[in-house]
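Quick note, the sequences are listed as chains X and R, same order.
Here the first sequence is numbered in the working numbering, starting from 1 and rising by one per residue.
Here the second sequence is numbered in the working numbering, starting from 1 and rising by one per residue.
Note that the Cβ used here is the ideal one computed from N, Cα and C, for glycine as well.
Computed from a prediction, not measured in an experiment: that's the story for all the values here.
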Amino acid sequence: GIQVEQSPPDLILQEGANSTLRCNFSDSVNNLQWFHQNPWGQLINLFYIPSGTKQNGRLSATTVATERYSLLYISSSQTTDSGVYFCAVWEGGANNLFFGTGTRLTVIP
Amino acid sequence: KAGVTQTPRYLIKTRGQQVTLSCSPISGHRSVSWYQQTPGQGLQFLFEYFSETQRNKGNFPGRFSGRQFSNSRSEMNVSTLELGDSALYLCASSSGTAYNEQFFGPGTRLTVL
Numbered sequence: 001g002i003q004v005e006q007s008p009p010d011l012i013l014q015e016g017a018n019s020t021l022r023c024n025f026s027d028s029v030n031n032l033q034w035f036h037q038n039p040w041g042q043l044i045n046l047f048y049i050p051s052g053t054k055q056n057g058r059l060s061a062t063t064v065a066t067e068r069y070s071l072l073y074i075s076s077s078q079t080t081d082s083g084v085y086f087c088a089v090w091e092g093g094a095n096n097l098f099f100g101t102g103t104r105l106t107v108i109p
Numbered sequence: 001k002a003g004v005t006q007t008p009r010y011l012i013k014t015r016g017q018q019v020t021l022s023c024s025p026i027s028g029h030r031s032v033s034w035y036q037q038t039p040g041q042g043l044q045f046l047f048e049y050f051s052e053t054q055r056n057k058g059n060f061p062g063r064f065s066g067r068q069f070s071n072s073r074s075e076m077n078v079s080t081l082e083l084g085d086s087a088l089y090l091c092a093s094s095s096g097t098a099y100n101e102q103f104f105g106p107g108t109r110l111t112v113l
């Protein structure tokens, strides 16, 4: 199956700093989603982004499908941004997501 | 519009028992997928149901099964529980068309003693 790798695995930031999270995938994909998993385990949808760039407040994402990667940018980080960020992709004709291993972000005040 | 709901939120069982988890999708969504999250294996796909039919299945033993009802609600059953089945079980709903955005419920945290 498709391999989805995320980097860095862990990231510690001072409040107010910016960060870039990366997601690489081993094969062509039909779509990609970014999620934030909160401390209670819920996966919150951030972006649904097969290609191009989208922005939502302090967050933005870029997917370059031809080069098999996606980036999630967090600007002016806040303590509430802490948690684990996952990217997930669809493969081929399957209607299920393959998840990366996640990036654990800790924002300290 | 109400989000995806899962019940129960927490569950403690002992080895050998069976368990049933429930998931109600977003209104109008016809696809429900189930995922297992463990510290060692991460998030893994279990199966997907669409219009009461299992449409896709991950690489899990037959002890894991599911079904979907005519109102799109879905249940997942795990029989003969093992310690390794302790996990967060997440369900996701989508409209069901290919590669459509998936929305997740809060999960059921299962502990097997």
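Is there at least one Cβ from chain R nearer than 8 angstroms to Phe99 (chain X)'s Cβ? The C-beta of Phe99 (chain X) comes closer than 8 angstroms to at least one C-beta of chain R.
When the Cα atoms are used, what is the spatial distance from Leu13 (chain X) to Ala92 (chain R)? If I take the Cα positions, the gap works out to 31 angstroms.
Spatial neighbours of Leu83 (chain R) in its chain, beta-carbon cut-off 6 angstroms, leaving aside the 5 residues before and after: Excluding sequence positions up to five before and after Leu83 (chain R), its CB lies within less than 6 angstroms of the CB of Val112, all in the same chain and listed in chain order.
Which partner residues of Tyr49 (chain R) appear in the DSSP bridge assignment? R:Val32 and R:Gln54, per the DSSP bridge assignment.
Burial state of Asn31 (chain X), where buried means 16 or more other Cβ atoms lie within 10 Å: Around the beta carbon of Asn31 (chain X), a 10 Å sphere encloses 16 or more other beta carbons of the protein chains shown; the residue is thus reported as buried.
Reference Pro39 (chain X), options X:Tyr85, X:Gly100 and X:Pro8, closest by Cα: In terms of CA proximity to Pro39 (chain X), X:Tyr85 leads the group X:Tyr85, X:Gly100 and X:Pro8.
DSSP-derived helix/strand/coil call for Thr66 (chain X): In the three-state DSSP reduction, Thr66 (chain X) falls in the helix class (H, G or I).
Which class does Leu113 (chain R) belong to by DSSP, given the choice of helix, strand or coil? Of the three classes helix, strand and coil, the one that applies to Leu113 (chain R) here is coil, per DSSP.
Roughly how far, in whole angstroms, is the beta-carbon of Gln37 (chain R) from the beta-carbon of Leu90 (chain R), given that I think they are within contact range, below 8 angstroms? That belief holds up - the Cβ atoms of Gln37 (chain R) and Leu90 (chain R) are roughly 6 angstroms apart, short of 8 angstroms.
Buried versus exposed call for Asn18 (chain X) [16 or more other C-beta atoms within 10 Å across all chains shown]: Residue environment: Asn18 (chain X) is assigned as exposed (fewer than 16 neighbouring CB atoms within 10 Å of its CB, all protein chains considered).
Rounded C-beta distance between Leu43 (chain X) and Ala61 (chain X)? I'm assuming under 8 angstroms. Cβ atoms of Leu43 (chain X) and Ala61 (chain X) stay farther apart than 8 angstroms, at about 16 angstroms.
DSSP state of Leu83 (chain R), grouped into three classes? It is helical.
Inter-residue spacing [alpha-carbon to alpha-carbon] between Ser77 (chain X) and Leu43 (chain R): Straight-line Cα distance between these residues: approximately 26 angstroms.
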